[in-house]
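Written out below as structure tokens is the structure these notes cover.
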Amino acid sequence: MHKTPQFKLGDLILVSTLKYKNIKGPKKWKDYFEGEFIIEALHGKNAVKVELTGELENKHPTFPVSLQKNYTQIDKESFPLINETPLELPPLDQSE
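All letters in the sequence shown, in the order written, are residues 165 to 260 by this note's numbering.
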């Protein structure tokens with residue numbers, strides 16, 4: 165039996181990009197989860213509504229809990245070499 169995730173209003177979560185095929189760049193360079201997003205509303209135990217930003221801003225804001233996970237902040241003292249700047253992809257050359 166699966167453990168039901170417990171989310172609360174205002175929690176930070178990550179949203180799976182598994183179902184989105186039209187996010188920029190090659191599929192193998194994409195992150196499996198995008199975020200951090202703030203929970204705006206709970207729809208029972210199975211779905212939450214989040215405040216979307218960035219590339220997901222035009223998507224429907226309600227997601228099932230199976231496509232979410234809790235966001236945990238990185239301890240910069242333990243991992244000083246982690247760079248949080250987003251990867252910039254070069255434009256694809258369509259002439260080939």
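The beta-carbon is built from N, C-alpha and C at its ideal position, and this holds for glycine as well.
Rounded to whole angstroms, what is the Cα-Cα separation between residue i and residue j?
i, j, result
"tryptophan 193", "alanine 205", "31 angstroms"
"aspartate 195", "threonine 181", "7 angstroms"
"glutamine 237", "phenylalanine 197", "14 angstroms"
"glutamate 200", "lysine 240", "17 angstroms"
"asparagine 210", "lysine 188", "29 angstroms"
To which residues does DSSP link residue i through a beta bridge?
i, result
"leucine 176", "Ile202"
"leucine 226", "Note on residue identity: the sequence assigns threonine, not leucine, to residue 226. According to DSSP, which records beta bridges pairwise, threonine 226 is partnered with Lys213."
"lysine 233", "Leu178"
Let me know the secondary structure DSSP gives residue i once reduced to three states.
i, result
"glutamate 215", "strand"
Output the residue ranges of the alpha helix (DSSP H) runs that lie fully inside the segment 178 to 209 and measure 4 residues or longer, sorted by chain position. Those alpha helix (DSSP H) runs which fall completely within the segment 178 to 209 and span 4+ residues do not exist here.
Practice prompt. Determine, using beta-carbon pairs with one atom in the segment 205 to 217 and one in the segment 240 to 247, whether at least three such pairs fall under 8 angstroms.
Written response: Output reads no: the segment 240 to 247 does not touch the segment 205 to 217.
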